[in-house]
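A quick write-up on the structure given underneath.
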Amino acid sequence: MRTRFLLVIFAIVCSIQPAIADIILPDVNAKYVSINQENPTRDVGFVVGDVLDRTITLTIKKPYELVKESLPIEGYEHRYRGQISGIELVKMSTEETTHSDGATYVLHLRYQIFTTGKLAKPAALRAEIIKLRNTSNTEVVQYRIPSYSFRISPLSVFGSVKLKEEMSPFIKPLRLDATQDRLQLGISIGLLSTALLGLLYIFGVRAWLPRMGAPFAKAYRDIRKIPDTDEGLQKAVARLHTSLNKTAGSILFSNNLDDFLQRKPAYTPLKQEIEKFFMLSSQVFFEPTTASHVGESPKVWLQIFCRQLRDCERGLIPNIKSKVSH
Amino acid sequence: MSDTQLADWRNHALTLESEVNKVVVGQKNPVRLITTSIFARGHVLLEGDVGVGKTTLLRAFTRGIGGGYQRIEGTIDLMPNDLVYHTYLGEDGKPHVSAGPLLMSGENLSVFFFNEINRARPQVHSLLLRVMAERTLTAFNKEHYFPHMLVFADRNQVEKEETFDIPSAARDRFMMEIPIAVPSDAAIMESLVFDTRYHDVDALVGNVPEDLLQFDQLNSFSATLQNSITASPTLRSYVLNLWRATKTPTEFGVKVSGVDMNRLVLSGASPRGMGMVLRAARVNAWLNNRTAVLPEDIHEVFHSTVAHRLVFSPVYEMRRTEIAREMLSGIINTIATP
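Chains as they are written, first to last, in my numbering: chain A, 110 to 435; chain B, 740 to 1077.
This is the structure we're talking about:
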């Protein structure tokens, strides 16, 4: 009988032991503690594995001081109504600054989410309760750091979702997938650009810039590359003949020069120079014993002459006295 | 022959040209071409309407050249022997034979003018062919030579009644066919009509100084001239292309409006014809005080030396003058020199 009584007493004592451990302390007077929180910038869209940083700055005035043993413990599994919440404090660090009238504690708390669900669900960084000790007596009080609420989203959506029912002011507007359209647009713009460039090239008489491919512009580029030798001079004169013929639309000789100038009056200022060119051509190809009419360096003269023709071709007034640039 | 002598002869030639131009006005180009043919020693076929001054032109030249000048009129009943001799009854009542126009001047014959050659029969053309080509004639059991002779003939292309077309072989003997047209300048036209100076042809021709040239030295001088004027490889290549183009104009992209070019040309210029082009071009270069032939020299003589040698399909023969002109102009405008 006595034994049974002792067992009953023991059972009662064992059952009330947690209650003794969870003794609720009185809250500190608010005038002794001030708090500043830095919480995550958003409160939605977190999924399993995400890390949330929270910084709490507490200023505790004398005669109270922080009981450091009451600070949260890393790795502590938080439970809510007996269930593991799935949000774990993975790291904590503290900075302490003392003042004449108290101390400031900065708590850096890092939580990680280890839970998920089929649908978005509410969650919270728990309200941490710390203890303060009155240094003038043995009184111990508590201070409750407010919790921070947020929502945990599933990694993927299971089953059909009715968007209208799931609409939330926290969800950004959904955008249509435009990848294919962007790709098609890019290809179309590319094709259009290529076609336009092709047209530009074709309408520009196979040249990228207006009149770049005109006879004398081409001849000027070619003649500059031809060496200043007897053979080169023949090539240069022949090259210029080709351009003159192309511009005239038929073979141009000194005896039909006037007809050419009547049809292409832009070249009239160069009449004397063209006549000199025909004399040079005669000397180079037909009558080498005659004297030169273009000075000591026919190649240089040809370059200048070709540039003057190019100016006429471009609708400019040729600089008759121009010198060639090397 | 020195350059000085070449220059002296050129001065003589230009003087002759100048004197003839005073007598026959508005024909500078034909005058230049006839001067060219005289120094190139080529026969000339004049083509033009009646009364445009062809005979006056030739008489003026003949006077300047010197030597014998003979003339015959082409008629439908003209026979070859009419050129060689004619028979008549003399005052003594006996038949006599005297030399015809070809033989009358002997070796001094310098110009033989055949007026309206296309009215003569083909037999006459045939005789003339030999005389023009070989400058010899066999008559009275004797070979007669005409080393200085040039044949100037004319024909009227418009009138076709009682005419015989000159065969291509005969045409090819002529170095040039020169068109003589009525001058288009109003002042010249007026003076030709109202200036009495032009009404008396004999007096007009008499204004040309005699013997400006020495006809019996023309052959040797011409040979020297031909050797003095050079033709560069570029020019030779150009002339060969021109020649090819007269044979196959389509290969060179030459077109004539309203003509099927594939059917047009039966025969282009002959080798003799192209040789004459070069002879004439050399003379033209010399007249222009050059020592080498230029493409422009070829152009000056190209039409007159080539056009009459072309043989066209019969369907185009009626339009040969305009077709030949357009085709040859097309060739010159298509073929580049260097």
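Ideal Cβ placement from N, Cα and C applies to all residues, glycine included.
Whole-angstrom C-beta distance between L161/A and Y220/A, which should lie under 8 Å: Counted from its first residue, the first sequence places residue 220/A at position 111. Counted from its first residue, the first sequence places residue 161/A at position 52. With 8 Å as the limit, Y220/A and L161/A qualify as a contact, their Cβ atoms being about 5 Å apart.
Looking only at its chain, what residues have a beta carbon closer than 6 Å to the beta carbon of A130/A, apart from the 5 residues adjacent to it on each side? The residue given as residue 130/A occupies position 21 in the first sequence. Note that A130/A scores 46 on pLDDT, short of 50, meaning its location in the model is unreliable and no value can be drawn from it.
Sequence-distant residues of its chain with Cβ nearer than 7 Å to Q965/B (five each side left out): As a first step, residue 965/B must be located in the second sequence, where it is residue number 226. Hits under 7 Å: R1018 and R1021.
Simplified DSSP state of T213/A, which is helix, strand or coil: Position 104 of the first sequence, counting from 1, holds the residue named residue 213/A. Reduced to three states, the DSSP call for T213/A is strand.
Proximal residues of chain B, C-beta to C-beta of S391/A below 9 Å: For the purposes of this step, residue 391/A is identified with residue 282 of the first sequence, where counting begins at 1. Per Cβ cutoff of 9 Å: R1029, A1031, L1033, P1034 and E1035.
Pairs of beta-carbons, one from the stretch 884-903 of chain B and one from the stretch 840-858 of chain B, closer than 8 Å: are there three or more? Segment contact: the stretch 884-903 of chain B against the stretch 840-858 of chain B, three or more CB-CB distances shorter than 8 Å; contact assigned.
Does the separation of the CB atoms of A926/B and H350/A fall below 8 Å? As a working mapping, residue 926/B is identified with position 187 in the second sequence. As a working mapping, residue 350/A is identified with position 241 in the first sequence. Contact annotation: A926/B and H350/A have beta-carbon atoms that are not nearer than 8 Å.
Those runs of the beta strand (DSSP E) which lie wholly inside the stretch 898-970 of chain B and span at least 3 residues: The qualifying runs are 913-919.
Suppose only complete runs of 4+ residues qualify. What are the alpha helix (DSSP H) ranges in the stretch 860-888 of chain B, listed by chain order? 861-873, all fully within the stretch 860-888 of chain B.
Start-end ranges of the alpha helix (DSSP H) lying completely within the stretch 333-392 of chain A, minimum 4 residues: The qualifying runs are 339-357 and 366-372.
Along chain B, which residues have their Cβ under 9 Å away from the Cβ of H350/A? Mapped onto the first sequence, residue 350/A falls at position 241. In chain order: A1075, T1076 and P1077.
Nearest by alpha-carbon distance to F852/B: which of Q809/B, T973/B and S967/B is it? By one-based count along the second sequence, residue 852/B stands at place 113. Among Q809/B, T973/B and S967/B, the Cα nearest to that of F852/B belongs to Q809/B.
Give me the Cβ distance between N1072/B and S359/A, rounded to the nearest whole Å; I'm assuming they're in contact under 8 Å. The residue labelled residue 1072/B in the question sits at position 333 within the second sequence. The residue labelled residue 359/A in the question sits at position 250 within the first sequence. About 4 Å separates the two Cβ atoms, so the contact holds.
Which of the three DSSP states, helix, strand or coil, is assigned to F778/B? For this step, residue 778/B is matched to residue 39 along the second sequence. Residue state for F778/B is assigned as helix, using DSSP reduced to three classes.
Is F851/B helix, strand or coil by DSSP? Reading the second sequence from its first residue, position 112 is the one you call residue 851/B. In this structure, F851/B counts as strand in the three-state DSSP scheme.
Hey, quick one: how far does the beta strand (DSSP E) through L1005/B stretch, first residue to last? Position 266 of the second sequence, counted from the first residue, corresponds to residue 1005/B. For L1005/B, the enclosing beta strand (DSSP E) has its first and last residue at V1004 to S1006.
Can you tell me which of L306/A, L308/A, H217/A and T168/A puts its alpha carbon nearest to the alpha carbon of E183/A? Position 74 of the first sequence, counting from 1, holds the residue named residue 183/A. For the residues L306/A, L308/A, H217/A and T168/A, the minimum Cα distance to E183/A belongs to H217/A.
Can you name the residues of chain A whose CB is closer than 7 Å to the CB of L943/B? Counting from one through the second sequence, the residue named residue 943/B turns up at place 204. Chain-ordered listing is empty here: chain A has no CB closer than 7 Å to the CB of L943/B, the nearest sitting near 32 Å.
Beta-carbon proximity of R1048/B to R910/B, cut-off 8 Å: Counting from 1 along the second sequence, the entry for residue 1048/B is found at position 309. Counting from 1 along the second sequence, the entry for residue 910/B is found at position 171. In this structure, R910/B lies closer than 8 Å to R1048/B by Cβ.
My guess is that R915/B and L772/B are in contact by the Cβ rule of under 8 Å, so how many angstroms apart are they, rounded? Position 176 of the second sequence, counting from 1, holds the residue named residue 915/B. Position 33 of the second sequence, counting from 1, holds the residue named residue 772/B. One detail in the question is off: residue 915/B reads as Met in this sequence, not Arg. Confirmed, Cβ separation roughly 6 Å.
Counterpart residues of H1047/B in DSSP-defined beta bridges: The residue labelled residue 1047/B in the question sits at position 308 within the second sequence. H1047/B is not bridged to any residue.
Using DSSP's beta-bridge definition, name the partner residues of N701/B. The requested residue 701/B is not part of the displayed model; chain B covers only 740 to 1077.
Would you please state the rounded distance, in angstroms, between the beta carbons of A345/A and K408/A? I believe it to be under 8 Å. Locating residue 345/A in the first sequence gives position 236, counting from the first residue. Locating residue 408/A in the first sequence gives position 299, counting from the first residue. The beta-carbon separation of A345/A and K408/A, rounded to 6 Å, stays under the 8 Å limit for a contact.
Delimiting residues of the alpha helix (DSSP H) encompassing Y1055/B: Along the second sequence, read from residue 1 onward, the residue named residue 1055/B stands at position 316. First-last of the alpha helix (DSSP H) with Y1055/B: P1053 to E1056.
Whose Cβ in chain A lies nearer than 7 Å to the Cβ of N1072/B? For the purposes of this step, residue 1072/B is taken as the residue at position 333 of the second sequence. For N1072/B, the C-beta contacts it makes with chain A under 7 Å involve S359 and I360, in order along the chain.
Residues of chain A with CB under 8 Å from T973/B, in chain order? For the purposes of this step, residue 973/B is taken as residue 234 along the second sequence, with counting starting at 1. Going along chain A in sequence order, the residues near T973/B (Cβ under 8 Å) are F394 and F395.
Of the choices P181/A, V142/A and L294/A, whose alpha-carbon is the least far from that of A212/A? Start at 1 with the first residue of the first sequence, and residue 212/A comes out as number 103. The candidate whose alpha carbon is nearest that of A212/A is V142/A.
So, helix, strand or coil for E174/A, using DSSP? One-based indexing of the first sequence puts residue 174/A at position 65. Reduced to three states, the DSSP call for E174/A is strand.
Stretch pair the stretch 802-818 of chain B + the stretch 933-943 of chain B: three plus CB contacts closer than 8 Å: No contact exists between the stretch 802-818 of chain B and the stretch 933-943 of chain B.
So, is M1066/B buried or exposed, given that buried needs 16 or more other C-beta atoms within 10 angstroms? As a working mapping, residue 1066/B is identified with position 327 in the second sequence. Buried.
Beta carbon proximity, H1038/B to chain A, threshold 8 Å: In the second sequence, counting from the first residue as 1, residue 1038/B sits at position 299. Closer than 8 Å to some Cβ of chain A, the Cβ of H1038/B qualifies, so yes.
Start and end of the alpha helix (DSSP H) containing T399/A? Position 290 of the first sequence, counted from the first residue, corresponds to residue 399/A. The continuous stretches of alpha helix (DSSP H) do not include T399/A, and DSSP gives it neither H nor E.
Spatial distance of I222/A from V157/A (CA atoms): The residue given as residue 222/A occupies position 113 in the first sequence. The residue given as residue 157/A occupies position 48 in the first sequence. Rounded to the nearest angstrom, the gap between the Cα atoms of I222/A and V157/A is 5 Å.
Do A984/B and V978/B have their C-beta atoms within less than 8 Å of each other? The sequence position of residue 984/B within the second sequence is 245, counting from 1. The sequence position of residue 978/B within the second sequence is 239, counting from 1. Their beta carbons are not under 8 Å apart, which means A984/B does not touch V978/B by this criterion.
Return the CA-CA distance between V995/B and N354/A, expressed in angstroms with no decimal places. Counted from its first residue, the second sequence places residue 995/B at position 256. Counted from its first residue, the first sequence places residue 354/A at position 245. Their backbone Cα atoms lie some 20 Å apart in a straight line.
What does DSSP give as the partner residue(s) for M1066/B in the beta ladder? On the second sequence, residue 1066/B is found 327 positions in, with the first residue counted as 1. None; M1066/B has no bridge partner.
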